[in-house]
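Student: Okay, here's the structure, questions in a sec.
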Amino acid sequence: MSIDVIIPDDLWEEDNEGVITSWLVSDGATVEVGTLVAEVMVEKIQCEVESPAAGTIKITKEEDDVVNKGDVIAHIEA
Amino acid sequence: MQPTLEQKMWMYEKMVVSRRYEEAIAAAYMEGKSPVFNMANGPVPGEMHLSNGQEPCAVGVCAHLKDEDTVTATHRPHHQAIAKGVDLKRMTSEIFGKANGLGGGRGGHMHLFDDDVNFACSGIIGQGLGPAVGAALSQTMQKKSGIAVAYIGEGAANQGAFHESLNLAAVWNLPVVFIIEDNSWGISVSKQKSTAVEKNSVRAAGYGMPGEYVAGNDPLEIFKVAGEAIERARAGKGPTLLELQTSRLAGHFIGDAEGYRPEGEKDALEADDPITKFRSHLIEQGDATEQEIENIETAAQAQVDEAIAHARASEDPAPEDALTSVFA
Amino acid sequence: MSDTKERKLTIARAMAESVAQYMRKDEKVFVMGEDIGVLGGVYGNTRGLIEEFGEERIRDTPISETAFMGAAVGAAQNGMRPIVELMFVDFFGVCFDQIYNNMAKNIYFSGGNVKVPMVLMTSTGGGYSDGGQHSQCVYGTFAHLPGMKVVAPSNAYDAKGLMNAAIREDSPVVYMYHKGLQGMGWLGTERGATVNTPEEYYEVEIGKASVVREGTDVSIVSLGMGVHHALKAAAELEESGVSAEVVDLRSLVPLDRDTIRASVAKTGRLIVVDEDYHSFGVSGEVIASVVEHDISVLKAAPQRVAFPDVPIPYAKIMEQFCLPNADKIVATYKKMAA
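Residue numbers (numbering that gives the first Met the number 0), protein chains in the order written: chain A, 0 to 77; chain B, 0 to 327; chain C, 0 to 337.
See below:
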């Protein structure tokens, strides 16, 4: 089963774009529910993205990629 | 001490120029910084500290100053520079890092030096205090009539340099006016959390000089109190400490999320904008008609637009210019 | 720099994690400085600490560097283990008396009877046009004066390990972190700094350099941001068949002269990359460490890629002209080998 890692709608207030500044896990790492996986910068604020599931992470968006709320940035293979 | 009509209109004009200037700088600053907010990018890189809301402190004091008088300003210097008469085009070129800027692009927005009007600013807290004392000393030793104004923020009143400089100016009876712009925040730390006294003006007593707190962020009230202090300085009666309540309408720098501010504070400050209030005052008092005010505002915008256009059209320095001007 | 499929941290997070973990086990450790509380540090390195430890142990200070730097010295001598932040290293001018006349000398003056177990963490570096009072490194200034250990991590693994070692150390440690390596996107992001960093406690020994890339033709010795320039230059040189070794000093005091000498003995060529000013600094000291030891190993005169001896200019075009970069390193090697 594969679960998407999605940028949550409430990660930041406005509807502007963000940028992935850092992946905090390597591609293929084992993650738990709630593991901090990425930092997304919106203007000058850094927001944290957590893993929604336990499993192996497959990263689909790179650092410096522009992202919007609702975007899938990785999958978790349970 | 009351301003003449001419002085009042000058103060309004400079306040508007300053605000329009900050708005234009903010827009230019954000170019190239979205969606990636990287400070290094865009035509105006680095940190940017805007003075929105603090204009009364600049005009109420500088209305009394002549070119020969020295102003040392802070890391948030644009309003003070504009009120002191710094060349707006050369200043803007400096902020855009151009060869024809005040420092040929070497200084940047925190390091504006205009020798023609004896203006300087610097980037570290409390740095301008000693040099203001020195400018006053120099004028006195040369038997010249200039005085000095040192601007600092309320956070700087907890620096050693503040206490040492006040004492030195007092003990040598120098013509200095120390101006504290109290916007109540040192980046994220409130005045209440950082300062042992409610009003820094009481600290003047420790150095045997008059001290006064001016509430209200009102250019007319600041004009009056600053005028008296500057008159004392010119009359050889020594230094004065003034603390001016003001408001930082922008963040510490552009990009500051200001999560540390109590909820509603920012809205309340914006609703109490000193420019809006002064504008209403001028019209209510019959000092100017709506049309005259609009003319001032239009001219202010044009002056700002011209300065920005000038800077954009100016040449970059040569890279190797970095190696020149180290020594006189 | 491990490449295992595990957790990665930015340097900002690695620093905060080290401090938090240490504070949990040692109640004598506390943090003070400007905007390190609710704001979490301008560079993110104290993020989350005030939420966990409260205002008693995470202390926002007034803008009074002389007072709080002196207070750190006093608290350290009195049984606490303060971590004190100087927001920009450029601000040392305000409080250097406490740093180099008290912090650095009191152990010696007391004949070793007094301990000064404090960490002075401070940000360094430019490259984002912040002008000449917010962009300096001044590594050499601190390293020159006896009595302070000085470290400068280039990646998150070392950042955590060096912080742990620094907090445990009974002598003062100046911990110099480069703004461009913090993983704060608004200061640019150097990907090579965000690396695998274990959650459990470990130390990186103060005074031990690291050979981060092995090579045989030239030793590129650097620290902080310069290590990343060196690695990029080494990758570029490899394409033209040149094998460059990269040494990350990690510590300036004590300086790991043995590792530098061993590397140059192997390669015969030395380039020192330093974002600090060219003269009287780290680059000269590294070169001296080699030439005063054994000049016979050298196949070419040692070279340095450092910041010229001018204040840091604001305008991007001028600042970038002055800063070290990979291209300058490659060009320097080509001249040496010619």
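Glycine is no exception: its CB is placed at the ideal position from the N, C-alpha and C atoms. Bear in mind that the values here come from a model prediction, so they are computed numbers and not experimental data.
Specify the secondary structure class of W171(B) as computed by DSSP and reduced to three states.
Tutor: Here W171(B) carries a coil assignment [DSSP, helix/strand/coil].
Student: Determine, using beta carbons only, whether K79(A) comes closer than 7 Å to chain C.
Tutor: Residue 79(A) is absent from the structure shown; chain A starts at 0 and stops at 77.
Student: Taking Cβ positions only, does G254(B) come closer than 7 Å to chain A?
Tutor: yes
Student: Are I2(A) and V30(A) close, meaning C-beta to C-beta below 7 Å?
Tutor: no
Student: Is T245(B) helix, strand or coil when you go by DSSP?
Tutor: coil
Student: Under 8 Å: do the stretch 140–157 of chain B and the stretch 106–116 of chain B share three or more Cβ pairs, one atom per stretch?
Tutor: no
Student: Note down, in chain order, all residues in the stretch 20–45 of chain B with a beta-carbon under 7 Å from any beta-carbon belonging to chain A.
Tutor: P34, V35, F36
Student: Just to make sure I have the definition right: I need the residues of chain B whose C-beta is within less than 9 Å of the C-beta of E38(A). Which are they?
Tutor: For E38(A), no chain B residue has a Cβ inside 9 Å of its Cβ, as the nearest lies near 13 Å away.
Student: Once the 5 residues before and after S1(C) are set aside, which same chain residues still bring their CB inside 6 Å of it?
Tutor: For S1(C), the pLDDT reaches just 39, beneath the cut-off of 50, and the residue's location in the model is therefore unreliable, although a value from the coordinates is still provided. The residues are N195.
Student: On the three-pair Cβ rule with 8 Å, is the stretch 6–23 of chain B touching the stretch 286–297 of chain B?
Tutor: yes
Student: Among the candidates W9(B), S137(B), V132(B), S121(B), whose CA atom is the shortest distance from the CA of Q132(C)?
Tutor: S121(B)
Student: Using only CA atoms, which one of A75(C), F67(C), I316(C) lies nearest to K96(C)?
Tutor: With the sequence shown as reference, residue 96(C) is identified as Asp, and Lys is not the correct amino acid for it. D96(C) has its Cα closest to that of F67(C), out of A75(C), F67(C), I316(C).
Student: Are the C-beta of F320(C) and some C-beta of chain B separated by less than 7 Å?
Tutor: Among the residues facing chain B, F320(C) is included, as its CB has a counterpart in that chain under 7 Å away.
Student: Please report whether the beta-carbon of L330(B) lies at a distance below 7 Å from any beta-carbon of chain C.
Tutor: As shown, chain B starts at 0 and ends at 327. That puts residue 330(B) outside it, with no answer to give.
Student: So, does the CB of D315(B) fall closer than 7 Å to a CB anywhere in chain C?
Tutor: yes
Student: Which class does E235(C) belong to by DSSP, given the choice of helix, strand or coil?
Tutor: helix
Student: Could you tell me whether the Cβ of M109(B) comes closer than 7 Å to any Cβ of chain C?
Tutor: yes
Student: Rounding to the nearest angstrom, what Cα-Cα distance links L144(C) and N40(B) in this structure?
Tutor: 36 Å
Student: Do V150(C) and Y176(C) have their CB atoms nearer than 7 Å?
Tutor: Against a cut-off of 7 Å, the Cβ pair of Y176(C) and V150(C) comes out as no contact.
Student: Mind listing, in chain order, the continuous beta strand (DSSP E) runs of no fewer than 3 residues lying wholly within the stretch 210–296 of chain C?
Tutor: 217–221, 243–247, 250–252, 269–276
Student: Could you compute how far the alpha carbon of I44(A) sits from the alpha carbon of K178(C)?
Tutor: 16 Å
Student: Verify whether the separation of the beta carbon atoms of V285(C) and V271(C) is less than 7 Å.
Tutor: yes
Student: Please classify N67(A) as buried or exposed, where buried requires at least 16 other C-beta atoms within 10 Å of its C-beta.
Tutor: exposed
Student: Can you pull the chain A neighbours of T331(C), defined as C-beta to C-beta under 8 Å?
Tutor: None at all; the shortest Cβ gap to chain A is about 29 Å.
Student: List the endpoints of the continuous alpha helix (DSSP H) containing S122(C).
Tutor: S122(C) -> not in any alpha helix (DSSP H); beta strand (DSSP E) instead, spanning 118–123.
Student: Which whole-angstrom value is the C-beta distance of R249(C) and P171(C), which I expect to be below 8 Å?
Tutor: About 18 Å separates the two Cβ atoms, so there is no contact after all.
Student: Would the beta-carbon of G47(C) fall within 7 Å of that of M40(A)?
Tutor: no
Student: Closer than 7 Å, CB to CB, is E16(C) near chain A or not?
Tutor: no
Student: Beta-carbon separation of E244(C) and S218(C) under 7 Å?
Tutor: Yes, they are a contact pair.
Student: Do you know offhand how far A330(C)'s Cα is from G225(C)'s?
Tutor: 15 Å
Student: State yes or no: is the C-beta of I221(B) within less than 7 Å of the C-beta of P55(B)?
Tutor: yes
Student: Just the chain D side, please: which residues come within less than 8 Å of W11(A) by C-beta, in chain order?
Tutor: Given the protein chain composition of this structure (A, B and C), no chain D is represented.
Student: As a quick exercise: from A232(B), N182(B), E305(B), E46(B), pick the residue whose alpha carbon is nearest that of L87(B).
Tutor: E305(B)
Student: Against S164(B), what residues of chain C qualify as contacts under a CB-to-CB distance less than 7 Å, listed in chain order?
Tutor: Residues of chain C passing the Cβ test: none, with the nearest at roughly 13 Å.
Student: Determine, using beta carbons only, whether L241(B) and A228(B) come nearer to each other than 7 Å.
Tutor: yes
Student: Hey, is K178(C)'s beta-carbon within less than 7 Å of any beta-carbon in chain A?
Tutor: no
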